[in-house]
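Participant:
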Amino acid sequence: MLEQICQLAREAGDAIMQVYNGAAPLDVSHKSDDSPVTAADIAAHEVILAGLRQLTPDVPVLSEEDPPAW
Numbered sequence: 602m603l604e605q606i607c608q609l610a611r612e613a614g615d616a617i618m619q620v621y622n623g624a625a626p627l628d629v630s631h632k633s634d635d636s637p638v639t640a641a642d643i644a645a646h647e648v649i650l651a652g653l654r655q656l657t658p659d660v661p662v663l664s665e666e667d668p669p670a671w
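For the sequence shown, my numbering begins at 602 and goes up steadily by one.
Written out as structure tokens, the structure is:
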């Protein structure tokens, strides 16, 4: 499973770089505590969350970037 987790990290990094290289918009939102959350944060979150759900469907995932946590 370690290799799959490392692959998720690489894919999340690729998603982040798409934002920073201009392939996706660099939108910034703010959480309820007024801390920023960028399009890159959300892109990485979505890749990691989808991958973890596929690898470990019975394990809940708690993420800082999960919108209900804002």
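Backbone N, C-alpha and C fix where the C-beta goes; we use that ideal spot for every residue, glycine too.
(1) Nearest by alpha-carbon distance to Gln619: which of His631, Ala641, Asp659 is it?
(2) How big is the Cα-Cα spacing for Val629 and Pro668?
(3) DSSP puts His646 in a beta bridge; with which residues?
(4) Using only alpha-carbon positions, find the residue among Ala625, Tyr621, Gln655, Pro637 that is nearest to Gln608.
(5) At the level of alpha carbons, what is the spacing between Thr657 and His631?
Facilitator: The structure says:
(1) Checking every option, the nearest Cα to that of Gln619 belongs to Ala641.
(2) Near 13 Å, if we compare the C-alpha coordinates of Pro668 and Val629.
(3) Answer by DSSP bridge pairing: none, since His646 is not bridged.
(4) Selection Ala625, Tyr621, Gln655, Pro637 evaluated against Gln608 yields Gln655 as nearest (Cα-Cα).
(5) Taking the straight line joining both Cα atoms gives about 30 Å.
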